[in-house]
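What follows is a short report on a single structure.
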Amino acid sequence: MLGLDKRDTLLLIIVSVLAILGPFILNPFPSNSALAQFNAGYPDLMQRFVIFGILAIGFNILFGLTGYLSFGHAAFLGVGSYSAVWMFKLLSMNILPAIILAVVVAAVFSVVIGYISLRRSGIYFSILTLAFAQMSYNLAYSVLTPITNGETGLQVYTDDPQYLMGPNSSTVTNLFGLEMRTTHSLDLGGWEFHFNVGYYFCVVMLLLTFYLSVRIFRSPFGLMLKAIKTNQTRLNYTGINTRPYALTAFVISGAYAGLAGGLLAAMDPLAGPERMQWTASGEVVIMTILGGAGTLIGPVLGAGAIKYLENIFSKINENVLQDWFSFLPHDVQEVVVWIFARFTGEGWHLTLGLMFMLVIIFLPGGLVEGSQRIMRLVGIGKAKGKSSGQGEDDEHHPKATPHVAE
Amino acid sequence: MGILEVKNVSKRFGGLQALGDVNLSVNENTVHAIIGPNGAGKSTLLNCFVGKLIPDTGSVMFNGISLLGRKPHEINQLGVSRVFQTPEIFSDLTVFENVMIPCFATRDGAFRMNAINSMTAETSIIEKAEKMLLDVNMQDKRNMHAASLSRGDKRRLEMAMCLSQDPKLLLLDEPTAGMARADTNNTIDLLKEIKATRDITMAIIEHDMHVVFSLAERITVMAQGTPIVEDIPENIKGHPKVQEAYLGTAH
Amino acid sequence: MDSILLQILNGLDKGSAYALIALGLTLIFGTLGVVNFAHGAIFMIGAFTAVTFSKLLSLSFITLDPEKKNFLGQPLEIKTAYVVDWFGPTVGNGLIDWAVPLSILFSIPIMLFVGYAMERGLIKHFYHRPHADQILVTFGLAIVLQEIIKSFFGANPIPTPAPEMFRGSIDLGVLVGFAENAIIYPYWRLIYFLFSALVIGGVFAFLQFTTFGMVVRAGMADRETVGLLGINIDRRFTIMFGIAAAVAGLAGVMYAPINSPNYHMGMDFLVLSFVVVVVGGMGSLAGAVAAGFLLGILESFASMNEIKSILPGIDQIIIYLIAIIILLTRPRGLMGRKGVMEE
């Protein structure tokens, strides 16, 4: 189907079903139960799952395939957001021109940055991209304030020109009148599910970008990118000019980041410089690796897992912890709460850092490799492996997808 | 007029004269060996053919086209392939993918944005790669990761990758270095077979005299950055200058 | 003329910090071949050992003075530091005042241990992994270390003053014949520069004149050969990692009075220090030091109003811009050796 083989089609279908049923899957607990705090089916959160999924898929096309580790990808995300907000300010709140401009501008930026950075490889490439991103960030904060509105961030004001704004046009972000914030809630017994227009728009984008990434992975172009990662010398002596291949991958992945940035602005018309900071670039790296770099489904899993855990861990403050451990004697409770509080709430980044280190040390293939190991232990992997017998297909495993739901 | 014409090539690294006024002509459809003691400049010379080094003076012409200043991929596209001392293959990819890549490079050139075509639709490439694997007798290892091959198989794979491009000139940099006797003999047989079945010119750098005298039709002996003798194998054996070069002048 | 001199001086303190961190980074690159993204965190930990030490010194007990009342009419609480109680007010308060310089002694063993533990516990398992993995795992470690510090010391900067006698400024201009008040320079920055020069000199002397240093330098040039000579190079490299950590740590300790330590200062300096290393040339110790000072001074020049009015924002990007130009025109940096971190 759609030019994909059976396994890839199945993968695409699973991702589609999970994304479409997201509002159900992410809200497994009744809304007034104690476990409701583990629900994640809120429109803004679900939108972020999907948007960061797109960002990670794009990053993976560069890092997962070619092995070039960019530490400056957040710059493209930020550029995308700024471009989108400018479209809102100049034209109207229709998200289509905003997203198109976000992708185009991010792609142009990545042509320039990629052209220069790709003249070097390895650690030098990482540092060049890092330098570019830090430059963008510093400029957005300082001299570019007329364009970026500095620290306050760029937003839409009532006195903005908005030339395409008719008298009846919507004043919130919309797609030809279809407002992104529109949410239909469904009450089923104790459960409450939210169906948000913005979320489903992001899902459509996710599926398109995911499909494109599958096609790239399975194309001769994708093969060349994998070859760049494993042996550039041989590739050069085989008559391949590696630089345009790497640059194309860089630009595609920059455009993905621009799309993600545009979508962030389309869901919430704001753009600030902190989106371009290098720690934000580091987060994309973490997502991709946690899920499994170089695999198809990994980045989506990683982005989902990190954004979900971030949400949950940040919510667990000391009060919640005290509540949980109230069965303990007072002094013990204090100690236990103190320890846990280091890792939750404000301490979420500590947990993230530890998790990331553990993954790099013990599970360089990320969640995808982890689930494959588990399958092999349980014995399912063996049977699967025999039936397919394709080395190249080991990199993803349709069975791994339930992690999306967690 | 040879297929590869080297004229007055010299190369200096700091204070070291690596090559001094090298003249060499490799004739079409011959196996030409370049031998010499360590530090004679053989590898430096080879690197000047493939675009890795640019000589300070002189010219390197391949089929009447200058190779100087061209990048490795451009030189390959002209019809020059290279086998490395340690096999350079795509270790993370399968054997089959390894062979497909040069097939794509030959058909599509140095760069082609081919991101939408599915690999499975590339029937002509697949057929060619299958045939190549059959030629080197590796079709049973088709789906193995290249990293897990034995050293001898890695060499065969590299050879298959080079040959799938139908090169006019094949450069071999010590193709049997570090190999066991049996593997060396296999490689010799493979090279002989290639020579017998194709219109191909080979230039070999080699230490192993057994390999050199089994394959070469012409031999150039180098010492201290310059060719000292060039002749057919029979005349090289026992040539006084060659003995001097190998045994050294400091008696 | 005097304004040029002033800018050079202003660049020296940041330049010193860059140079010290970059020196440590280069030692680690050169000897172990590892890209250490956690090196900025070591600098930060150094600064926080100064914070901890000065907090420890001012630990106090509370006594009530029944004679005096506070505004609520209760007996006044009087805080007395233990050191004051033990050693008397002169010595005690002196110790508290001199907390930062004193914490150098306290931090050297801690930093050596931190470096040693880091290398043995984590880095050593990554020698044979790709550079990308080394970058990533040390990046993770950097996050963990800074978050640990944050969870103990909070997110706000903690003012850690220099000793009283160094808090003022010196009129350097008068000393070299300029007009009065032309070049006013804080004492502590001057001390920071001199201290850095001392540390850098010490490291170079150590590498130059000791057998240990000679082996390490040989190892940096050609690790395999030295290994073949039967010298246990690995153990020496571990010690080298400890020394690199100590250098960065000391840079952090002494930096505390210049900029109140906060948990993300390591990350801020790390990015710049990497740029410094690249500009100086990977694997070149002299290059790292020279580039550190050079970039510090250039940054200071770029922040002059005269220059900013011509090139707005140049002070924000000058270092990155120079790095990009250097990497493209002189890929090995100012003094880089061939083949370091290259494929």
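Protein chains in written order, with my numbering: chain A, 20 to 425; chain B, 4 to 254; chain C, 15 to 357.
Where a beta carbon is used, it is the ideal one built from N, C-alpha and C, also for glycine.
With 16 other Cβ atoms within 10 Å as the buried cut-off, status of A:V191: exposed
Closer than 8 Å to chain A by CB, C:L308: The beta-carbon of C:L308 is placed no less than 8 Å from the nearest beta-carbon of chain A.
For B:A226 and B:G39, believed in contact at Cβ under 8 Å, the rounded distance: Contact between B:G39 and B:A226 holds: CB atoms are separated by about 6 Å, below the 8 Å threshold.
Within 9 Å of chain B by C-beta, residues of the region 228-255 of chain A in sequence order: Cβ contacts with chain B: L231, R234, I235, R237, S238, P239, F240, G241, L242, M243, K245, A246, K248, T249, N250, T252, R253, L254, N255.
Cα-Cα separation, A:G389 to A:T314: Computed Cα separation, rounded: 13 Å.
Reduced DSSP secondary structure (H/G/I, E/B, other) of A:K403: At A:K403 the pLDDT is 43, less than 50, meaning the model places this residue with poor confidence; the figure from the coordinates comes in the next sentence. Looking at A:K403 - three-state DSSP - the assignment turns out to be helix.
With 16 other Cβ atoms within 10 Å as the buried cut-off, status of C:F207: buried
Ranges of the alpha helix (DSSP H) found wholly within the region 228-287 of chain C, counting only runs of at least 4: 237-242, 247-269
Range covered by the beta strand (DSSP E) that runs through A:H349: Element bounds for A:H349: not the beta strand (DSSP E) but the alpha helix (DSSP H), 349-362.
Residue-level contact to chain B via CB, A:A402, 8 Å cutoff: Residue placement at A:A402 is flagged as unreliable, the pLDDT there being 46, under the threshold of 50; the coordinate-derived value follows with that caveat. So, not an interface residue.
Three-way DSSP call (helix, strand, coil) for B:G228 in this model: coil
Proximity to B:L152 [Cα-Cα], best of B:L166, B:P105, B:D95, B:I68: Its Cα nearest to that of B:L152, the residue B:D95 stands out among B:L166, B:P105, B:D95, B:I68.
Beta-carbon neighbours of A:P263, restricted to chain B and to distances below 7 Å: F114
Within-8 Å CB hit, B:F65 to chain A: no
Members of the region 175-192 of chain B that neighbour chain A once the beta carbon cut-off is set at 7 Å: So the list is empty, because no residue satisfies the distance condition.
Closest Cα partner of A:L242 within the set B:R158, B:T97, B:A199: B:T97
A:T171 in three-state terms, based on DSSP: helix
Presumed contact (8 Å Cβ cut-off) between B:E177 and B:H210, rounded CB distance: 6 Å
Beta strand (DSSP E) runs wholly inside the region 65-147 of chain B, at least 3 long, in chain order: 83-86
Stretch pair the region 95-110 of chain A + the region 279-299 of chain A: three plus CB contacts closer than 8 Å: Taking 8 Å as the limit for Cβ pairs, the verdict is that the region 279-299 of chain A does touch the region 95-110 of chain A.
Partners in chain A for B:T126, counting only beta-carbon separations shorter than 9 Å: Under the 9 Å cutoff, chain A gives no residues; its nearest Cβ is about 13 Å from B:T126.
Proximal residues to C:G301 (C-beta, below 7 Å), its chain only, five neighbours per side dropped: By the criterion of a C-beta distance shorter than 7 Å, C:G301 is surrounded in its chain by G294, G295, G347, L348, M349, G350, once the five residues flanking it on both sides are discounted.
Cβ-Cβ distance between A:P263 and A:F78 below 8 Å: Their beta carbons are not under 8 Å apart, which means A:P263 does not touch A:F78 by this criterion.
Residue interval of the beta strand (DSSP E) (run including A:N336): Unbroken run through A:N336: none, as it is neither H nor E.
Distance between A:Q174 and A:I44 (C-alpha atoms, nearest Å): Rounded to the nearest whole angstrom, the C-alpha separation of A:I44 and A:Q174 is 33 Å.
Rounded C-alpha distance that separates A:G291 from A:N168: 8 Å
N- and C-terminal bounds of the alpha helix (DSSP H) containing A:Y219: 216-236
Within-8 Å CB hit, A:D24 to chain B: Taking Cβ atoms only, chain B reaches closer than 8 Å to A:D24, which makes this a yes.
Own chain, CB closer than 6 Å to A:G404, minus 5 neighbours either side, in chain order: Low per-residue confidence applies at A:G404: pLDDT is 41, beneath 50, and the placement is therefore not dependable, though the value from the model is reported in the following sentence. Nothing listed; no residue qualifies.
Amino acids of chain B, ordered along the chain, whose beta-carbon sits closer than 7 Å to that of A:N260: H76, A113, F114
Neighbouring residues, chain A, relative to B:P105 (Cβ below 7 Å): T257
Start and end residues, alpha helix (DSSP H) containing B:E196: Membership of B:E196 in the alpha helix (DSSP H) is indicated by the continuous run 184-200.
Any chain A beta carbon closer than 8 Å to B:Q142: no
Cβ-Cβ separation, B:L173 to B:L203 (assumed contact under 8 Å), whole Å: Checking the sequence, you will find Ile at residue 203 of chain B rather than Leu. With 8 Å as the limit, B:I203 and B:L173 qualify as a contact, their Cβ atoms being about 6 Å apart.
Separation of B:N30 from B:P1, as counted between CA atoms: Because chain B in this structure spans residues 4 to 254, residue 1 of chain B falls outside the shown range and cannot be described.
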